[in-house]
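Take a look at the structure below.
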Amino acid sequence: MTTPTSTATAFARAAAEGRPALVGYLPAGFPDVAGGIDAFRVMVDAGVDVVEVGLPYSDPVMDGPTIQTAAQQALERGVRTVDVLRTVEAVAATGVPTVVMTYWNPVERYGVERFAADLASAGGAGLITPDLTPDSAPGSGAAWIAAADAHDLDRIFLVSPSSTDERIAMTVAACRGFVYATAVMGVTGARTSTSDLAAPLVARTKAATHLPVGVGLGVSSGDQVAEIGAYADGVIVGSAFVRCLLDHADDRPAGLRALAALTEDLAEGARRARR
Amino acid sequence: MTDPSAPAGHFGEFGGRFMPEALVAALDELTDAWTDAMADPAFVDEFHTILREYAGIPSPLYEASRLSELVGARILLKREDLNHTGAHKIRNVLGQALLTRRMGKQRVIAETGAGQHGVASATAAAYFGLDCTVYMGAVDTRRQALNVARMHLLGATVVPVESGSATLKDAINEALRDWVASVDHTAYLFGTAAGPHPFPSMVRDFCRGIGDEARAQVLERYGRLPDAVAACVGGGSNAIGLFTAFLDDAEVEVWGFEAGGDGVESGRHAATIVAGEPGVLHGARTYVLQDEDGQTRESHSISAGLDYPGVGPEHAHLAHSGRASYEAVTDTEAMDALALLARTEGIIPAIETAHAVAGAIRRAKDLAAEKGPEAMVLINLSGRGDKDMATATEWFGLGDPDRVTAEPVGDPGADR
Numbered sequence: 300m301t302t303p304t305s306t307a308t309a310f311a312r313a314a315a316e317g318r319p320a321l322v323g324y325l326p327a328g329f330p331d332v333a334g335g336i337d338a339f340r341v342m343v344d345a346g347v348d349v350v351e352v353g354l355p356y357s358d359p360v361m362d363g364p365t366i367q368t369a370a371q372q373a374l375e376r377g378v379r380t381v382d383v384l385r386t387v388e389a390v391a392a393t394g395v396p397t398v399v400m401t402y403w404n405p406v407e408r409y410g411v412e413r414f415a416a417d418l419a420s421a422g423g424a425g426l427i428t429p430d431l432t433p434d435s436a437p438g439s440g441a442a443w444i445a446a447a448d449a450h451d452l453d454r455i456f457l458v459s460p461s462s463t464d465e466r467i468a469m470t471v472a473a474c475r476g477f478v479y480a481t482a483v484m485g486v487t488g489a490r491t492s493t494s495d496l497a498a499p500l501v502a503r504t505k506a507a508t509h510l511p512v513g514v515g516l517g518v519s520s521g522d523q524v525a526e527i528g529a530y531a532d533g534v535i536v537g538s539a540f541v542r543c544l545l546d547h548a549d550d551r552p553a554g555l556r557a558l559a560a561l562t563e564d565l566a567e568g569a570r571r572a573r574r
Numbered sequence: 368m369t370d371p372s373a374p375a376g377h378f379g380e381f382g383g384r385f386m387p388e389a390l391v392a393a394l395d396e397l398t399d400a401w402t403d404a405m406a407d408p409a410f411v412d413e414f415h416t417i418l419r420e421y422a423g424i425p426s427p428l429y430e431a432s433r434l435s436e437l438v439g440a441r442i443l444l445k446r447e448d449l450n451h452t453g454a455h456k457i458r459n460v461l462g463q464a465l466l467t468r469r470m471g472k473q474r475v476i477a478e479t480g481a482g483q484h485g486v487a488s489a490t491a492a493a494y495f496g497l498d499c500t501v502y503m504g505a506v507d508t509r510r511q512a513l514n515v516a517r518m519h520l521l522g523a524t525v526v527p528v529e530s531g532s533a534t535l536k537d538a539i540n541e542a543l544r545d546w547v548a549s550v551d552h553t554a555y556l557f558g559t560a561a562g563p564h565p566f567p568s569m570v571r572d573f574c575r576g577i578g579d580e581a582r583a584q585v586l587e588r589y590g591r592l593p594d595a596v597a598a599c600v601g602g603g604s605n606a607i608g609l610f611t612a613f614l615d616d617a618e619v620e621v622w623g624f625e626a627g628g629d630g631v632e633s634g635r636h637a638a639t640i641v642a643g644e645p646g647v648l649h650g651a652r653t654y655v656l657q658d659e660d661g662q663t664r665e666s667h668s669i670s671a672g673l674d675y676p677g678v679g680p681e682h683a684h685l686a687h688s689g690r691a692s693y694e695a696v697t698d699t700e701a702m703d704a705l706a707l708l709a710r711t712e713g714i715i716p717a718i719e720t721a722h723a724v725a726g727a728i729r730r731a732k733d734l735a736a737e738k739g740p741e742a743m744v745l746i747n748l749s750g751r752g753d754k755d756m757a758t759a760t761e762w763f764g765l766g767d768p769d770r771v772t773a774e775p776v777g778d779p780g781a782d783r
C-alpha cells in the first residue's frame, strides 16, 4: 500500500524548478491492463509529473474520437472498474501522484464512499470529474465532496471559457489539489494551434484561488506546452499520448518508444516555458 | 405532483443536471430564456397559432368503437398521428425552434432514433429558416432510410453516428459533442423529456397540450374523466405530455408502457423503469439500463423510437412515487396490436404507439372486469405508422407480389 500523495506536491515541486507540471492521461486497460500499466511507467520515467488514469465509459460525451476509440477498445476487452483501481495502485507505486479521470455513473454504481476508500487504499490521489460539477444534484456533488474529505483525496473539478466568474468562484472553492481549466470549447483531441481562450480563463481562475491551475484539451507538442506553461501551473496532455499507442497497435515496443519520445518533447517544452 | 419547493429540475430524487461545466452556462441561458418566454403572452400566443395553423393542433379525440367492443371497455384515442409530420413531436420542436429564434441563434442540432424527431426538427428548421444538423445512429439510418430521405428533402444535414452501439444514445453523445463546441450560436433541440435541466421540464411543457386538450375534450363530450390514461414510454415526451394534465386527478390511473423487446427476462429489451436501476445518464439522475460497473447496456426494441437505455426523470419519479405504473410490452405484443388497430379501426399506428395500444388493451380488460364496460381508457395515439411499413412488411411477411390474396394478419378474435 502506498500513501496517497496530493497532486499539489507535484505542482509545488515543478513550480520550485521554475516550470509547469506535466500531467499525462491514458485510459486504463488500453491496450490491455498490463500494457496500460507499462505505458504509464514509460510516461513517468520520461518526465510526467502527475498521472491521470482514465476510467473507460460507454458514453464519454466530453471525449473526441481518439480517446473514444481507446476507451471502447478497453471496454470491448472487458476492462472493469477494479482494473482501473489496480492500474492506479501500480502507477502510484512509482511515487508520482495518480488521479482517476472518470464520468460519474461508474463511481456512483461502485458506491461513492466505497470508491473513495478503495482509491485511497490503492494510493490514488483523487478524482477528476468531467461531468460532475460541485453543484450537481440531486445527491452526487455533495456526496463526493464529503467522501473526498473523509479519505483525504483531491477533487479536481473543471472550469471552462464559458464559466461565469460566479461559477469559477464556486468551483475552485470545492477543488483540492489543482483546478482543471479546459482550454477550448469542445471535446478532447489534439489541435494544431493553442487556444486564445486559455490564457484569459487561467487569469480569471487564478484571481479566484491560490490552487494551481492546469490547462488541458488540445495540447500535443512541446511548443504548445512551452506556450501554455508560461502562464499556467500545469499542462495536461491526453489524446496525443493515446495516439502514440493507437498508431503502433501492432508493435507495442514501438508504441512505448513513441510515448517516451513524446513525453520527453513535452517535458522539454515545460522546462523552457518560463525561460 | 412535484414538490414546488424542490430545486428547479428536480423530480424527487431524480433529474437535476450532470453535465460538463462548459455547457452549464448555455443550460442556464436556456433556462432563463424559456422561463421568460413562457411568461410572455406574445410567445405563448404565437406558439399556439403556429400549432393550430401549421401543425393541425389540437388533434381530435376519437372513440374507437369497434376496438372498444372487442376489448369490452371504452377506448378513446388522442389522434396525435394526424399532426403535421405524423406525431406528437412537432409540438416540442416548434416550441424549441420558436425559442431558438427568440434567443437569436441561427443553427439547431438534434439527435434522433427512429427519425421522427429528426424529421420534426428539420421541419421546424425549414419553417423558421434555421440551419439544421441531425445526428442519427448508423444502425438507425439503415433501418429508417425513409426518414433520412425526408430530412434531406427538408434541407437538413444528417450525420450517421458510428461510435458505441451506433443507436440513439450514441446520437445524443455526438450531438452533445457538437454542442459543446458550437454553443454560442447553436441550440440543441432535445427530442425527449430527458437530459439535464431544463430539458425534461421544457419538453414536458411544450408537449403538455396533448393531455390538456384531451382532458377538456373528454370532459366536454362525456362529462367525466377517463378511468385511465395510457402512453408508450421511451424517453417519455408523449407520455409526460399526456400525463401532466391528469396527475392531480387522483381517480385517473396513469399507465406507461415500455419496450419489452424479446421479453424482459431475455435481457434484450428497453424497459428502463421496469428493469433498470437508478443512475446518471445524459445529464440526469434517472433509471438506466446498466451493468454492474455502471456501463450503459445496449437496449433492444423493434421500435427505434423506444430503443433507449434511459428514461425521462419525471417518469422515474412518477414510478418511484407510485403515481404512475409502468409495464413492459414485447415486440410481438406491439406488432399484434398494430395489426389489430389497423383492421378494427383503419388506423396504422407507429410501432412505438402500438406498445401503448397493446398495453392499454391488456390493462383495460382488467379494468373492465372491475368497473364494467363503461370503463374508459384514453390512449395517446402518438404517431402514425407510415415510417414503419418496411418493418411491418418484414414482420408479417407482407408485400409478396405473387400473393395477391394474402391472408389478413393479426386475427382480432385471437385470445391474447
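Protein chains in written order, with this note's numbering: chain R, 300 to 574; chain W, 368 to 783. For each residue, glycine too, the CB sits at the ideal point set by N, CA and C.
Any idea what DSSP makes of W:P565, helix, strand or coil?
-> Coil at W:P565, not helix or strand.
Under a Cβ-count criterion, where at least 16 other Cβ atoms within 10 Å of its own Cβ denotes burial, should R:D546 be classed as buried or exposed?
-> When all chains shown are included, R:D546 counts as exposed.
Pair within 9 Å by beta-carbon distance, W:S604 and W:V570 = yes
CA nearest to the CA of R:A392, picked from R:V343, R:F477, R:G377 = R:V343
The alpha helix (DSSP H) spanning R:F414 covers which residue range?
-> Per DSSP, the continuous alpha helix (DSSP H) segment holding R:F414 begins and ends at 411 to 420.
For R:R408, return the contacting residues in chain W, with the cut-off set at a CB-CB distance below 8 Å.
-> G646, Q657, E659, D660, G661
Beta-carbon of W:H636 versus every beta-carbon of chain R: anything under 9 Å?
-> no
So which residues on chain R does W:K536 lean against when the C-beta distance must stay under 7 Å?
-> D358
Counting Cβ pairs, one atom from each stretch, are 3 or more of them under 8 Å apart for the segment 561 to 569 of chain W and the segment 646 to 661 of chain W?
-> Yes: at least three Cβ pairs fall under 8 Å.
Taking 9 Å as the CB-CB limit, is W:M368 close to chain R?
-> Only weak support is given to the placement of W:M368: the predicted model assigns it a pLDDT of 47, under 50, and the question is left unresolved by the model.
Can you check whether the CB of W:A731 is closer than 9 Å to the CB of W:V744?
-> yes
Closer than 7 Å, Cβ to Cβ, to anything on chain W: give me those residues from the segment 479 to 496 of chain R, in chain order.
-> Listed by position along the chain: T481, M484, G485, V486.
Output the distance between the C-alpha atoms of W:Q584 and W:F495, rounded to the nearest integer angstrom.
-> 31 Å
Check each candidate in W:P563, W:R690, W:A560, W:A554 and name the one with the smallest Cα separation from W:A464.
-> When C-alpha distances from W:A464 are compared across W:P563, W:R690, W:A560, W:A554, the shortest belongs to W:A554.
Report the partner residues of W:G485 according to the DSSP bridge assignment.
-> For W:G485, which the question treats as bridged, DSSP gives no partner whatsoever.
Closest to R:H509 by CA distance: which of R:R385, R:A498, R:A472 is it?
-> R:A472
W:T398 versus W:L418, W:P408, W:A375, W:V411, residue with shortest Cα-Cα distance | W:A375
Per-residue burial, R:A315 [other beta carbons within 10 Å of its own, 16 or more giving buried] = It counts as exposed.
W:M503 CB to nearest chain R CB: under 9 Å?
-> no
Please check if any C-beta of chain W sits within less than 9 Å of the C-beta of R:P460.
-> yes
Tell me, please, whether the CB atom of W:V585 is closer than 9 Å to any CB atom in chain R?
-> no
R:P429: contacting residues in chain W (beta-carbon distance under 7 Å) | P387
Consult DSSP for W:R751 and reduce its assignment to one of helix, strand or coil.
-> strand
Which residue from W:L765, W:N747, W:W762 puts its Cα closest to that of W:Y429?
-> Of the listed residues, the one whose Cα sits closest to W:Y429 is W:N747.
How would you list, in chain order, the residues of chain R whose beta-carbon sits under 7 Å from the beta-carbon of W:N540?
-> D358, V360
Neighbourhood of W:L543 by C-beta distance below 7 Å, restricted to the same chain and skipping five residues each side = none
Return no unless some Cβ of chain R is closer than 9 Å to the Cβ of W:H377.
-> yes
Taking the DSSP output, what are the residues bridged to W:A346?
-> Given a span of 368 to 783 for chain W in the structure shown, any question on residue 346 of chain W remains unanswerable.
For R:T301, I'd like the list of residues in its chain whose CB is within less than 6 Å of its CB, leaving aside the five on either flank, ordered along the chain.
-> Residue placement at R:T301 is flagged as unreliable, the pLDDT there being 44, under the threshold of 50; a coordinate-derived value is accordingly withheld.
Out of W:E541, W:L614, W:D755, W:H667, point me to the one whose CA is closest to W:R690's CA.
-> W:L614
Contacts that W:P374 makes with chain R (C-beta to C-beta distance below 9 Å) | A436, P437
Going along chain R in order, which residues have a C-beta closer than 9 Å to the C-beta of W:A548?
-> V483, M484, G485, V486
Would you mind telling me which residues of chain R sit closer than 9 Å to W:A393, beta carbon to beta carbon, in chain order?
-> S461
Do we get a CB-CB distance below 9 Å when we pair R:A508 with the residues of chain W?
-> Per the sequence shown, the amino acid found at residue 508 of chain R is Thr instead of Ala. False, the Cβ-Cβ gap to chain W never drops below 9 Å.
Tell me which same chain residues have a C-beta within less than 7 Å of the C-beta of R:G317, skipping the five on either side of it?
-> R573
If you follow the beta strand (DSSP E) that R:T470 is part of, which residue opens it and which one closes it?
-> It is not in any beta strand (DSSP E) - R:T470 instead sits in the alpha helix (DSSP H) that spans 464 to 473.
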